[in-house]
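Under the working numbering, the sequence shown has 1165 at position 21, and the numbering climbs by one with no breaks. Down below is the structure, laid out as structure tokens.
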Amino acid sequence: MSAERVDVREKVLSASDQLAAEIRARLEANGVFAVNLISSPGSGKTTLLERTVDLMKESLRLGVVAGDVQTRNDADRLLRHEIPVEAIETGGGCHLDARQVSKSLEGLDLSKTDLLFIENVGNLVCPSSFDLGESMKVVLMSVTEGEDKPLKYPAAFKRARVLVLTKTDLVPHLQFSPDHAIENARAVNPDLTVFSTSSYTGEGLAEWTGWLAGQVAVLKRNKGSGESAGP
Ligand SMILES: Nc1nc2c(ncn2[C@@H]2O[C@H](COP(=O)(O)OP(=O)(O)O)[C@@H](O)[C@H]2O)c(=O)[nH]1
Ligand SMILES: [Mg+2]
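So this is what it looks like as structure tokens:
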């Protein structure tokens, strides 16, 4: 790559990082905990969100930014759960960027939001490189994807704070070892917190939502005591 092209790329990235920092400051000022969900298409992000918001919406004020290359299908699915939802159609882009998220946040009342979910475009490669100002990235991996995905797509697993293994109800029908998959994910990122879930049977959802509620509580407590929460 020429020095000039590297320079332009760095400028674009640093403008994007600056915008992400502005989003993070906006979210922190409003006491919003924001989760950026990353996975392959079809791993179960929207279904997990539908179950999650049903379990959490009575106790916390929720919001969702739902990204897709095309269609508002996921946003429409989530709107049926009677929470505020903003849709982003990237029109070909393989990930959300800070500019799109910043614009969509104008459609949400952050002062009335405790927990914000950002459903990224289904893709295990591009979204992991882009900071959206979130509090943390969460990577999903379904049991039908094979145990080796953390080794093949390490960046997503390295940058995530949490791994949600999805569709565990299907394990009896597959030759898939959840332990082996989790071992591979921890080889890439030993600090991952892991939840094994099924949105169909409800397995692991109490643990997942309980943990999220705990993160929101910590953020509120830190905000109350004037401390800043890190990315
Ligand atoms: N068996 C099973 N299927 C699931 C589960 N969660 C989602 N699915 C199915 O997987 C497909 C893709 O789910 P979706 O939530 O749209 O995935 P996304 O593309 O990551 O948002 C749909 O047919 C879902 O019904 C689960 O826990 N178990
Ligand atoms: Mg989806």
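Glycine residues also receive a C-beta, built at the ideal position from the N, C-alpha and C atoms.
### Query
So the alpha helix (DSSP H) E1202 belongs to, where does it begin and stop?
That residue, E1202, is in no alpha helix (DSSP H); it is neither H nor E in DSSP.
### Query
When the Cα of Q1162 is compared with those of G1251, K1189 and F1274, which residue comes out closest?
F1274
### Message
On the DSSP bridge list, what partners appear for G1211?
### Response
I1232
### Element boundaries [alpha helix (DSSP H), containing A1300]
P1298 to R1303 is the extent of the alpha helix (DSSP H) around A1300.
### Query
Can you tell which of T1353, S1279 and A1329 has the C-alpha that lies nearest to the C-alpha of R1170?
S1279
### Task
Mark D1218 as exposed unless 16 or more other C-beta atoms lie within 10 angstroms of its C-beta, in which case mark it buried.
That one is buried.
### Query
Does DSSP put V1338 in a helix, a strand or coil?
strand
### Segment contact, 8 angstroms Cβ cut-off, at least three pairs: the segment 1205 to 1213 with the segment 1304 to 1315
These segments do not touch.
### Query
Relative to the C-alpha of L1363, which residue among L1223, E1166, L1260 and V1265 is closest?
L1260
#### Entry: CA nearest to the CA of L1284, picked from D1220, T1191, G1236 and K1247
When each option's Cα is compared against that of L1284, the closest is T1191.
### Message
Following a CB-centred definition, is T1191 positioned closer than 7 angstroms to any heavy atom of ligand 1?
### Response
Yes; taking the cut-off as 7 angstroms, the Cβ of T1191 has a heavy atom of ligand 1 nearer than that.
### Query
Does the separation of the CB atoms of L1204 and V1338 fall below 8 angstroms?
Taking a C-beta distance under 8 angstroms as the contact criterion, L1204 and V1338 do not qualify as a contact pair.
### Query
What is the DSSP secondary structure of V1179, counted as helix, strand or coil?
strand
### L1163, DSSP secondary structure in three states
helix
### Task
Starting from K1364, follow the alpha helix (DSSP H) in both directions and report where the run begins and ends.
L1349 to G1368
### Query
Among all the DSSP beta bridges, which residues are the ones paired with S1286?
T1310
### Task
Starting from the C-beta of M1200, find all residues in its chain whose C-beta is less than 8 angstroms away, skip the five residues before and the five after it, and write them out in chain order.
L1206, L1259, T1353, L1356 and A1357
### Task
Take A1242 as the anchor and find which of K1302, A1304 and A1165 has the nearest alpha-carbon.
A1165
### Query
What is the DSSP secondary structure of I1262, reduced to helix, strand or coil?
Note: I1262 maps to strand in three-state DSSP.
### Query
Does ligand 1 have a heavy atom nearer than 7 angstroms to the CB of D1220?
Distances between the C-beta of D1220 and the heavy atoms of ligand 1 are all 7 angstroms or more.
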